[in-house]
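Numbering (numbering that gives the first Met the number 0), first residue to last: 0 to 199. Right, one structure below, let's go through it.
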Amino acid sequence: MAVKEEPKSDALLLVDYENVQALDLSSIPDGMRVRIFVGSNQTRIPISMVQNAQRLGSRVEWIRCENAAPNALDFMIACSLGREIERSPKVAYTILSKDHGFDPLVKHLTAEGVTCRRINSQTELRGSAPPNDTPEFQKVFDTLKKSQKNARPRKRETLAKHIANILHKPVDSAEIGDIIDLLFRKELITEAAGAVTYAF
């Protein structure tokens with residue numbers, strides 16, 4: 000049986016697409032492979048993403064999780080990461096996910112000498128600083144801060160709807176996603192096992 004030839008790279012990005020849909024494959028750095036993990040209930044991928052994926056050729060791989068069980072996709076990512084580290088321990092590994100449940104694994108791997116990190120947003124790949132606060136972001140933050148902690152949304156989907164109501168915008172608008180991304184980048188919110196926690 001022929002062994003599948005992996006493209007040479009010095010970095011691998013593992014994308015939790017169930018958790019982070021804001022993905023621009025046109026800006027993936029040279030020398031980085033991308034493995035995108037798609038949930039069983041995700042049936043639509045934007046055509047622009049597919050076109051950008053084609054340009055990357057064998058550097059991008061799609062993996063579909065057929066099981067809808069809780070955390071099934073996370074376990075697939077962890078398993079895939081472990082297998083990759085066994086084969087190529089010197090590669091730099093990045094998990095793109097807002098789920099802080101990966102952090103203990105990342106901490107363990109780092110202690111073992113593996114170059115590994117988790118990022119909330121693709122903009123962190125190049126180490127850029129978080130964008131400046133917009134008036135809309137400030138309005139959302141101020142509204143959330145005034146809310147009692149136990150009354151704040153506990154799921155990301157509920158948080159998106161809440162922000163949409165605050166700004167009187169459609170829940171699927173890019174601006175809502177950008178505000179949630181910025182809340183994560185500023186570490187004002189974290190997520191583990193699907194639950195959002197507030198740091199303010």
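For every residue, glycine included, the Cβ atom is placed at its ideal position computed from N, Cα and C.
Buried or exposed: which applies to E4, given that a residue is buried once 16 or more other Cβ atoms fall within 10 Å of its Cβ? For the purposes of this step, residue 4 is identified with residue 5 of the sequence shown, where counting begins at 1. In this prediction, E4 scores a pLDDT of 48, lower than 50, which makes its location untrustworthy; no coordinate-derived value is stated.
Residue range of the beta strand (DSSP E) that includes T109: Start at 1 with the first residue of the sequence shown, and residue 109 comes out as number 110. First-last for T109: D102 to A110, but that is the alpha helix (DSSP H), not the beta strand (DSSP E).
K106 to I162 span [Cα, whole Å]: Position 107 of the sequence shown, counted from the first residue, corresponds to residue 106. Position 163 of the sequence shown, counted from the first residue, corresponds to residue 162. Straight-line Cα distance between these residues: approximately 32 Å.
Here's a check: name, in chain order, each residue in its chain whose Cβ is nearer than 6 Å to the Cβ of F183, leaving out the five neighbours to either side. Taking the sequence shown and counting its residues from 1, the one referred to as residue 183 is at position 184. Around F183: K97 and N119.
Helix, strand or coil at V139 [DSSP, three-state]: In the sequence shown, residue 139 corresponds to position 140, counting from 1. Helix at V139.
Using beta-carbon positions only, say whether I27 and V33 come within less than 7 Å of one another. In the sequence shown, counting from the first residue as 1, residue 27 sits at position 28. In the sequence shown, counting from the first residue as 1, residue 33 sits at position 34. Against a cut-off of 7 Å, the Cβ pair of V33 and I27 comes out as a contact.
Is the Cβ-Cβ distance between A159 and I175 less than 7 Å? Counted from its first residue, the sequence shown places residue 159 at position 160. Counted from its first residue, the sequence shown places residue 175 at position 176. In this structure, I175 lies closer than 7 Å to A159 by Cβ.
What are the start and end residues of the alpha helix (DSSP H) that includes L72? If you number the sequence shown from 1, residue 72 lands on position 73. From DSSP, the alpha helix (DSSP H) with L72 extends over A71 to R86.
Quick one: what's got a C-beta closer than 6 Å to L108's C-beta in the same chain, skipping five residues either side? Here residue 108 refers to the residue found at position 109 of the sequence shown. Around L108: C115.
What does the alpha-carbon distance come out to for the pair F136 and T157? Counting from one through the sequence shown, the residue named residue 136 turns up at place 137. Counting from one through the sequence shown, the residue named residue 157 turns up at place 158. Near 17 Å, if we compare the C-alpha coordinates of T157 and F136.
Do you know offhand how far T133's Cα is from L181's? Taking the sequence shown and counting its residues from 1, the one referred to as residue 133 is at position 134. Taking the sequence shown and counting its residues from 1, the one referred to as residue 181 is at position 182. T133 and L181: Cα-Cα distance of roughly 10 Å.
Would you give the residue range spanned by the alpha helix (DSSP H) that R117 belongs to? Translated into positions along the sequence shown, residue 117 becomes position 118. No alpha helix (DSSP H) holds R117; the beta strand (DSSP E) holding it covers C115 to I118.
Leaving out the 5 sequence neighbours to the left and right, which residues in its chain are closer than 8 Å to L22 when beta-carbon positions are compared? Start at 1 with the first residue of the sequence shown, and residue 22 comes out as number 23. Cβ neighbours of L22 beyond the five flanking positions: V14, Y16, I35, M48, L95 and Q121.
Of the choices N66, K148, R58 and K89, whose alpha-carbon is the least far from that of G200? In this structure the chain extends from 0 to 199, so residue 200 is not present and cannot be described.
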